[in-house]
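With the first letter of the sequence shown counted as 1, position 241 gets the number 237 in our numbering; the numbers rise by one all the way through. Idealized CB from N, CA, C, for every residue including glycine.
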Amino acid sequence: MNRPIVVDAVDLRRGVTLALGDDEEPHQPLRLRLEDGRELAIDRRMIVGSAPGSDVLLDDPRVSGAHCVLWRDGERTMVSDCGSRNGTFLRGVRIEAGELRAGMPLTVGGTRLRVVAARTGEDDATDAMLGASGAMCELRGRLRRVAPSPHPVLLLGESGTGKELAARAVHSGSARRGRFVALNCGAVSGELVESELFGHERGAFTGATGRRVGLFEEADGGTLFLDEIGELPLSLQPKLLRALETRAVRPVGANVERPVDVRVVAATHQDLFRATEEKRFRLDLYHRLAAIRIRLPPLRERVGDIALLARHFLDEATAESAPRRLSAAAIEALERHRWPGNVRELRNAIWSAALLGGDEIAPDDLFPDAGPEPVAEPVRAAPAAAVDGRRFDEVERELIARALRENGSRRAAAAALGVPKSTLCDKVRRYGLQVEGR
């Protein structure tokens, strides 16, 4: 028996019918996700175009007045180009007509859309978080349970684990109708953070030529996501604590407070409790933010999700070009890598390989030249220190020599030690060690 076809499409350039992949998933109701994040159910005939009156109106000079049409045909969801000038594309192939499936990129003129599964109850808050591993299933379950509550949430996890995506899931799973507003506390200078959060009045400081609404007011009725909360200046922490406790903010230069209804979700990759012990973060603010704590698993703890994520990012990267595929060796290499940069690093590796690699992506496309850089903390020399009566550099030399003997190459030894290859090479030269291979 033939397997179901994901896309059975007519390629206008060649006049042939293409199968752009297969999938054993059953047909299911779909939604069209627009660039601004809105989703529209595909439950009737919908015209996509730039002309007034279109069911999906796109402000794009490359989109024709009536560009394409989407409709349900029994259990199938179909798309047909309406003779547009710039074409309709599925997975990078210009088509005349085709069947849609969840997760598929759809490009209309110069606008990139995505087809997603229709939301059903418990998946509302987490449908964008990919992964079938136990760690991800547990994470999605915890996010679904906390989303309806009004309490602050503190997201803990390494860089690149998807903390903002989790924060958005908390917001979308809540009953809050206001906006989701985000601030990276480490990306704004200390002098400007207060104005960013609370706003300012005209003349409050040099350069304040008008009143500015702060992010708390922008998020009124919604959710404020404070990423890298550990970077918030100590001098500003009492003001944030007061805003959380009084549910009101006072803009810089204002004489009165303004009430706000904001749920705060904060995130950090730091050990925030240790920061309180070191007097870098207020203990009372920590307990206020950490009413609910949720840890996001690093990618190395969800190896079973790597192939799924890699194929998803490859679909994104090749949405407007010829489809690519990952070789079995590439999947194996991805699953062996330690991913210190987590999902963000995986996405970058896939996008780079999609641009520079061939039709079938190989391990060398993913990890060119220097190979993977599985970095934890680099090995640091400390000549004055001693371990078991020996100098630190003696112990370090012995560890590196042993790693080189056991692994046979600088690249493999660096991976085993959890340091960049460049750092290991510097140490090898410093200690005069010999090794064959790269």
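{"query": "Uninterrupted beta strand (DSSP E) stretches inside the stretch 273 to 349 (no shorter than 3 residues)", "result": "288 to 291"}
{"query": "Cut-off 7 Å between Cβ atoms - residues of its own chain near residue 256, not counting five sequence neighbours on either side", "result": "212, 213, 216, 243, 244 and 245"}
{"query": "Proximity test, residue 333 beta-carbon vs the ligand MG heavy atom, cut-off 6 Å", "result": "Absent from the structure shown: the ligand MG. Ligands present: none."}
{"query": "Alpha helix (DSSP H) segment containing residue 29, residue limits", "result": "Careful: residue 29 lies outside any alpha helix (DSSP H), inside the beta strand (DSSP E) at 26 to 29."}
{"query": "Simplified DSSP assignment, three categories, for residue 137", "result": "helix"}
{"query": "Counted within 10 angstroms of its Cβ, other Cβ atoms place residue 261 as buried (16 or more) or exposed", "result": "buried"}
{"query": "Meets three-Cβ-pair contact criterion under 8 Å: the stretch 147 to 158 and the stretch 333 to 342", "result": "yes"}
{"query": "For residue 419, the three-state DSSP class (helix, strand or coil)", "result": "helix"}
{"query": "Coarse secondary structure for residue 390, derived from DSSP in three states", "result": "helix"}
{"query": "Beta-ladder partner(s) of residue 42, from DSSP", "result": "66"}
{"query": "Three CB pairs or more closer than 8 Å across the stretch 291 to 300 and the stretch 182 to 189", "result": "no"}
{"query": "Close Cβ partners of residue 459 (< 7 Å) along its chain, the five nearest in sequence each way excluded", "result": "With the chain represented from -3 up to 434, any question about residue 459 goes unanswered, as that position is not in the structure."}
{"query": "Sequence-distant residues of the same chain with beta carbon closer than 8 Å to residue 117, five excluded per side", "result": "The predicted model places residue 117 with a pLDDT of 43, which falls under 50 and marks its position as unreliable; any figure quoted below should be read in that light. So no residue of the chain qualifies."}
{"query": "Straight-line Cα distance separating residue 331 from residue 322", "result": "12 Å"}
{"query": "Assigned exposure category for residue 364 - 16 Cβ within 10 Å defines buried", "result": "exposed"}
{"query": "6 Å Cβ shell around residue 43 - same chain, five flanking residues per side excluded", "result": "50, 51, 62 and 65"}
{"query": "Spatial distance of residue 266 from residue 276 (CA atoms)", "result": "11 Å"}
{"query": "Spatially closest choice to residue 101 from 144, 29 and 67, by CA coordinates", "result": "29"}
{"query": "Nearest residue (CA-CA) to residue 348, options 336, 356, 361 and 197", "result": "361"}
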